[in-house]
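Here's the structure we're looking at; comments come further down.
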Amino acid sequence: VINDVSHSDPFTGAHRYIPNNHSLTVANSCSDGTSVSTSFFPSETFISLRSISLGPLMTKLESLNEQSHIPLDHEFLEACRNFDIDNCNEDQAVYLTTNIIDVINKWTPDIIFPLLDILRCLVFWQKSSDIIFETSNWNHLLSISFDKADLSSANCLLILRLLVNCLAADCPRFIDIIRCQSFSSLSSTSAKPKVPRSLIATIGVMGKIFEIVNDNKLQFITRKQHQVAFSNLVHNLTVLAYLSKPLSIESNISPQLRSMPGVCIRTSLNILSLALDQGCSGVTQLHPSAVYHLFVSLGTCLLLVTSGSNSTDEQSKTQRIRVLASAMIGLKDLPLNADSDKYIDTNVDEFTGWESARKIINYWITTPTACPNVRGCASQLLSLLE
1 VINDVSHSDP
11 FTGAHRYIPN
21 NHSLTVANSC
31 SDGTSVSTSF
41 FPSETFISLR
51 SISLGPLMTK
61 LESLNEQSHI
71 PLDHEFLEAC
81 RNFDIDNCNE
91 DQAVYLTTNI
101 IDVINKWTPD
111 IIFPLLDILR
121 CLVFWQKSSD
131 IIFETSNWNH
141 LLSISFDKAD
151 LSSANCLLIL
161 RLLVNCLAAD
171 CPRFIDIIRC
181 QSFSSLSSTS
191 AKPKVPRSLI
201 ATIGVMGKIF
211 EIVNDNKLQF
221 ITRKQHQVAF
231 SNLVHNLTVL
241 AYLSKPLSIE
251 SNISPQLRSM
261 PGVCIRTSLN
271 ILSLALDQGC
281 SGVTQLHPSA
291 VYHLFVSLGT
301 CLLLVTSGSN
311 STDEQSKTQR
321 IRVLASAMIG
331 LKDLPLNADS
341 DKYIDTNVDE
351 FTGWESARKI
361 INYWITTPTA
371 CPNVRGCASQ
381 LLSLLE
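To convert, note that position 134 of the sequence shown is 134 in full-length UniProt numbering; the numbers rise steadily by one, no gaps.
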């Protein structure tokens, strides 16, 4: 992976601080005219966002601390200053997590984003993750990040990244336990693993979080870093659904996991369609890393819905087309193409839904300014359908 610093988050002030202004992209995806990867999906690897700009973060945190009526104590500030994600033990992580949650409950939501930036790195420690996703703590984090009446773009971005990381941290561990037990003779109720709090909480709020794409206040189309974080979240949810299908996960998240591919497909198509109104220049409206991971998610989801069947290749393609068409039917106010003022609605038939989905895919294949990996991934997606 490479770091992309071409897009800045809108967090300025006396001490400029851009929370983790680095996004995962596909190496060399825009560097030349060749496609780096020959096989883009299915994806079985979770994305994590571990890098943190601690120097600028502490400068901003200390500045905000001077303005706060509830100043931070010296010991806590030192712990923040010395935080190293690669050399932090669990006791240190729990100390930071507990104190950050306490401060977030006391400070006003407009000045907590440096603390959220540290918090989204602390989910890699299981005890810290459990503290973060304790019901009252998690509900408060949601309210200060996704409240429609007072949507904070900074808090929203960092909680999106926190969700990306919690899936990257907890899902592999949970899936490994399930796999190990599937090969053992343990079948008693007491032997069944506990579903991580983070997993239950994340899946439970995805409907609410996916609404931010169309939130007029956030203006998602203008927020490159939000696009990257959001697409990484969709990608990780897709990987979770893909890896979970062959496993027996008996819990209250099972129904939501089964519906997750459809939700991810619909959300991905929604975002990818945002560029079509602008013609060729629409490519620049979406971050290439975001577009790439959305197409990887689409391909992985389509392979997931036809996996384990004895269908012929043509039957599988037909099933995937119907899934895409159904996703398009579920969307409202999506244009049929870039130069049409007609819109699909919930009464559109499958053929029109499929044609609308194909126009979105073809747009990213044929627009020359799209990155090579994006065009290659979109082409491979179309090959699953035609």
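Note that beta-carbon positions come from the ideal geometry of N, C-alpha and C, so glycine has one too.
Inset, instruction - Measure how close the beta-carbons of ILE144 and SER153 come, nearest whole angstrom, since I'm counting them as under 8 Å. - result: At roughly 12 Å, the Cβ-Cβ gap does not stay under 8 Å, so ILE144 and SER153 are not in contact.
Inset, instruction - With a threshold of 16 other CB atoms inside 10 Å of the CB of THR45, please say whether the residue is buried or exposed. - result: Flag for THR45 reads exposed.
Inset, instruction - Please state whether DSSP places PHE146 in a helix, a strand or coil. - result: Secondary structure at PHE146: helix, using DSSP grouped into helix, strand and coil.
Legend entry - Close beta carbons around SER297, own chain, < 6 Å, minus the five adjacent residues each side: VAL234, HIS235, THR238, CYS264 and SER268
Inset, instruction - Name the residue from ALA378, ILE159 and TRP125 whose alpha carbon lies nearest to the alpha carbon of ASN139. - result: ILE159
Inset, instruction - Go to PHE113, then tell me how far its alpha helix (DSSP H) extends in each direction, as first and last residue. - result: 113 to 122
Legend entry - Sub-8 Å separation of TYR363 and ALA275 beta-carbons: yes
Legend entry - Check whether LEU381 and GLY330 have beta carbons under 8 Å apart: no
Inset, instruction - Between the Cα of LYS224 and those of PRO288, PRO71 and GLY279, spot the shortest distance and give me the residue it belongs to. - result: PRO288
Inset, instruction - Starting from LYS217, trace the alpha helix (DSSP H) both ways and give me its first and last residue. - result: Where LYS217 is concerned, there is no enclosing alpha helix (DSSP H), given that its DSSP letter is neither H nor E.
Inset, instruction - Go ahead and label ASP170 buried or exposed: buried means 16 or more other beta carbons lie within 10 angstroms of its beta carbon, across all protein chains shown. - result: buried
Inset, instruction - Give the secondary structure of GLY262 by DSSP, where H, G and I count as helix, E and B as strand, and everything else as coil. - result: helix
Inset, instruction - Please state if the CB of CYS156 and the CB of LEU61 are separated by a distance shorter than 8 Å. - result: no
Inset, instruction - Tell me whether the beta-carbon of SER231 lies closer than 8 Å to the beta-carbon of HIS293. - result: yes
Legend entry - Presumed contact (8 Å Cβ cut-off) between PRO109 and LEU64, rounded CB distance: Their Cβ separation, rounded to whole angstroms, is 12 Å, which puts PRO109 and LEU64 out of contact at 8 Å.
Legend entry - Buried versus exposed, by CB contacts within 10 Å (16 or more), GLY279: exposed
Inset, instruction - Please say whether ILE112 and ILE118 have beta carbons closer to each other than 8 Å? - result: no
Inset, instruction - Have a look at THR25 and SER53 and give me their C-alpha separation to the nearest angstrom. - result: Annotation note: pLDDT 35 at THR25 (below 50); position unreliable, no value reported.
Legend entry - Buried versus exposed call for GLN67 [16 or more other C-beta atoms within 10 Å across all chains shown]: exposed
Legend entry - Simplified DSSP state of ILE85, which is helix, strand or coil: coil
Legend entry - Candidates VAL195, PRO193 and LEU385: closest to ASP313 by CA position: LEU385
Legend entry - Bounding residues of the alpha helix (DSSP H) (the contiguous stretch that carries PRO372): 372 to 383
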